[in-house]
Amino acid sequence: MASPAFIHFLPRFGVAAAVVGVLSLTGCQMNNHASQSLVPTSGVQPLKGLAQNVSVRRNAQGMPLIESSSFHDALFTLGYVHASDRISQMVRLRLLAQGRLAELDGADALPTDRLMRSINLKKNAGELYKSASPRLKKFFEVYARGVNAYLFRYRDKLPEDLARAGYKAEYWKPEDSALVYSLLSFGMSTNLQEELNALVLAQKVGSDKLAWLMPTYPGEALPTSEADKLKGLNLGTQLQGLDSVTQALEQVTHMSLPGVTASSDWAIGPARSRSGKSLLANDIHQPIGIPSAWSYVQIRAPKYQAAGATIAGLPTLFAGFNGNVAWGMSMAMGDNQDVFVEKLKREGNRLYYLSNGKWLPASVRNETFFIKGQRPVREAVYETRHGPLLNNPLNSHLGLALQLPDFKGDSTLDAFFNLSRAQTSEAASDASREIRSVALNLLYADARHIGWQVTGLYPNRREGLGLIPSPGWDSRYDWDGYADAMLHPYDQDPAQGWLGTANQRTAAFGYGMQLSNSWLSPERSERLAQLAGSGKQDARSLIAMQYDQVTLFAPKLKAMLTAPGMAQPLKQAIAALPAAEQSKAREALSRLLAFDGKLNATSADAALYELFLQASTQVTFLDALGPENSASWKAFISNGNLSYSAQADHLLSREDSPFWSDARNGQQRDKPAVLARSLVAAVEAGERLMGSDHKAWQWGTLHHYVWRNAQGQTVRGPIAAGGDHTTLNMAAYRLGDSNFDTTLIPAMRMIVDFGQTEPMMAQNSSGQSSNPASPHYADGIDPWLKGQYVSFPMQPQHFDKVYGNTRLTLTPGR
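For the sequence shown, the working numbering begins at 78 and goes up steadily by one.
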């Protein structure tokens, strides 16, 4: 609730604007059209749909403060601001979710459209919107009117990528926001890609060896019973169209932006805080590029104030602070969908699938694809009792049906709004438990309390884990409702004084519900525990944690190399190498054993360490799964980036794996022989890439940040990068690929320190605007590299210092 003092302060005009721009996907310099597409930062603009004046001020990086005398006007302005900054992104996300990208991009987008029409996110979005409260629907309607006010005013001045394509953007509907949300939720179901990759790998190595390539977590048994589900299936000849589905899904995952596999959040309780008040930190990861998926906004209106990270197209703050409560999120790695392999047959014009010994007719719906520059195409989409078939069933004896959760009666959209206005940690906890349609580790805090809640909707499987596709004709693997929300993991004010998640296993094996079988490696969470659990914390120490580049995988590797059962055999394997290679292997081993785990960009030993990880992956698996351009190798590398990898699993254990003994150059191998060869390969690769002076090597010479736009044009970089996929300062690359290019970074960072006068600070990884003509297109990169944060003040007397006095005033128009 706003205090009387706040109401007295509130200007009669208000706010709006936020990030000047529109997603132009070209790297072009400013021209007349581009400058006209920008919304001004000062002056007066009349807009039909406003009830009263609204003010928009911006900080030094173009992040907006929307000040309004009514919440509805603030939402309207948020829609106007999002559209002015990111209309191309909004259009593309909507078309992607609808399966209509070919209307903008032509025939190249048709495979992606086919996949998305099959998945039919519109159905889920419709259920979510239908289940929303009348109040929330009104919010979405007002927001849509703000988007449309921009589309009307700038209909002849849209960004160049849309203008060049001759695409006329349709007006925004309230349901479109639910559709963008559904795309975000779907993009977080990383196990779908893993399941499809498992089929590709099974085609290559068979079901007997598949489990070795699908570990679930360090020290756990391999999922052999999961792989056994595929025994007896002739995946090589009977399953057609798998490659096209996996390729289209990879494009969808990349284009849906926020739907990625990593993020971190942690909260420090008063007992571990220097000030005696709580702290919360969050960083959300995504593929490096421009624009970042996230844009910051601050809203101040009667009875509502909050600042945080938004996604254009949604009037929702996914992470933020409202003056009393802070919240952040990371991926829970939840597995809430399954692929079923269906046996198919055709009789005349009808398609049938096998279910419990009976052939049932598949349902069918017709879809029309409009393609830029070509005639429309009409195709049929078939569905079984499990869901739509993703591959073309007309050319295959086996189909791939995707089952997704049913969101009827789901109140997630309301819950996110309630979370953003919660005034206590207890109210935040109540709101978080109502978030069902997306799987998150949601952390929240007020000045005295911290809490964690796993959100989502998780199926109860009668049998099986859902890690690998199940036989659709056998009802033993069907779903039996969903796990009770009371079983979702949670915690509040733990005795250790802190809470934190970094995509690690958060539910022990055998826990009372099937949360997931796909977790990322534990090193980030272990490092988080090291740092959060020692000493007193403040905003400065949390910044240091977000920029930490120490890997805890290095000491684990050292322990394996020096273990009693490995040290001597490895020494013997090195001695068996050709004389010219022995010195290289010994030098590499010596340096690895001395490596301190600090992945600084300037470190020579860090370069050798990463070269060894890359070399060991290729030496161990490439002869069995390659060549490098094959579908099986690409699937293997993809899975290694989606969850705990077979690469790491084999390095630390699995001495009995069949992949050690695969033939290479006519000779049998064991693990020590593979490691010895990998040591040599690491040194030889380093010499090729960085020269013969091994001490002059630097990790940043191999590992770079490069920001590219959606057309692949370089906007900034290369810049030397430290860290990797196991460090809190995430800088992942594709382990086993042909290069070390950074693929995944913390796209946004946020810290809330309740002990400070103004608790919230944050940063973006590129810029607030996605228009190359804007000064805020890429001006967030340098602060991101240097660890500089922007303050988001909640007290009006501090607004001028951060946002200045220049404002755009939006007035009611006729």
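All C-beta atoms, glycine included, are put in the ideal place defined by N, C-alpha and C.
Beta strand (DSSP E) segment containing residue i, residue limits
i: D818; result: Premise fails: D818 is in no beta strand (DSSP E) and is neither H nor E.
i: H149; result: Where H149 is concerned, there is no enclosing beta strand (DSSP E), although the alpha helix (DSSP H) it sits in stretches over 148–175.
i: R427; result: 427–432
i: N537; result: 536–538
i: M406; result: 403–408
i: D415; result: 415–424
i: E444; result: 440–446
i: P123; result: 120–124
i: P795; result: 791–797
i: L382; result: A small fix is needed here, since residue 382 is Gln in this sequence, not Leu. Note, Q382: beta strand (DSSP E), 381–387.
Reduced DSSP category for residue i - H, G, I as helix; E, B as strand; rest coil
i: P324; result: What sits at residue 324 in the sequence shown is Gln, not Pro. It is helical.
i: K675; result: strand
i: F689; result: helix
i: Q872; result: coil
i: Y459; result: strand
i: P347; result: helix
i: R884; result: strand
i: F263; result: helix
i: S101; result: Residue placement at S101 cannot be trusted, given a pLDDT of 34 that sits under 50; what the coordinates show is reported in the next sentence. DSSP places S101 in coil when its eight states are reduced to three.
i: H565; result: coil
i: L394; result: coil
i: W861; result: helix
i: M107; result: Confidence in M107 is poor, its pLDDT being 39 and thus under 50, which makes the residue's placement unreliable; the coordinate value appears in the next sentence. Correct three-state label for M107: coil.
i: P892; result: Coverage of the chain is limited to positions 78 through 891, which leaves residue 892 absent and any answer about it impossible.
i: L178; result: coil
i: M622; result: helix
i: V454; result: strand
i: A839; result: strand
i: P889; result: strand
i: F493; result: helix
i: D185; result: helix
i: E144; result: strand
i: E732; result: coil
i: M42; result: Nothing can be reported for residue 42, as the shown portion of the chain is limited to 78 through 891.
i: E705; result: coil
i: D342; result: strand
i: S132; result: strand
i: H853; result: coil
i: S284; result: helix
i: V696; result: helix
i: V879; result: helix
N-terminal and C-terminal residue of the alpha helix (DSSP H) that residue i is part of
i: S709; result: 708–719
i: V760; result: 748–767
i: T301; result: 301–305
i: I651; result: 641–652
i: R604; result: 600–609
Rounded distance between the beta-carbons of residue j and residue i, thought under 8 Å
i: L357; j: A344; result: 5 Å
i: I545; j: E272; result: 6 Å
i: R37; j: N718; result: Residue 37 is absent from the model: the chain starts at 78 and stops at 891.
i: S547; j: S720; result: About 18 Å; that fails the 8 Å criterion.
i: A650; j: L779; result: With a Cβ gap of about 26 Å, A650 and L779 do not count as contacting.
i: E456; j: E444; result: 6 Å
i: A657; j: A762; result: In fact, because the Cβ distance is near 16 Å, the residues do not count as touching under 8 Å.
i: P392; j: L152; result: 6 Å
i: T834; j: V121; result: Incorrect: roughly 33 Å between the Cβ atoms, too far for contact.
i: S847; j: G857; result: About 12 Å; that fails the 8 Å criterion.
Contact the region 250–260 vs the region 397–404: 3+ CB pairs below 8 Å: no
Cβ contact check for the region 615–634 and the region 665–678: 3 or more pairs under 8 Å: yes
Three-pair Cβ contact test at 8 Å for the region 575–591 versus the region 793–800: Flag = no, the region 575–591 and the region 793–800 do not touch.
Any alpha helix (DSSP H) of 4 or more consecutive residues that is wholly inside the region 215–278: 237–242, 251–264
Inter-stretch contact at 8 Å, needing at least 3 Cβ pairs: the region 149–163 / the region 171–184: no
Segments of 3+ residues assigned as beta strand (DSSP E) that fall wholly inside the region 499–555: As far as the region 499–555 is concerned, its whole beta strand (DSSP E) runs of at least 3 residues are 517–522, 527–531, 536–538.
contact_flag[the region 848–864, the region 151–159] where n(CB pairs < 8 Å) is 3 or more: Result no; under three Cβ-Cβ pairs closer than 8 Å.
Contact the region 351–367 vs the region 314–321: 3+ CB pairs below 8 Å: no
Cβ pair count under 8 Å reaching 3, the region 822–842 against the region 867–874: yes
Contact the region 511–530 vs the region 408–421: 3+ CB pairs below 8 Å: yes
The region 504–517 touching the region 486–496, judged by at least three CB pairs closer than 8 Å: yes
Segment contact flag, the region 758–772 with the region 135–150, C-beta cutoff 8 Å, min 3 pairs: no
Segment contact, 8 Å Cβ cut-off, at least three pairs: the region 246–254 with the region 208–225: yes
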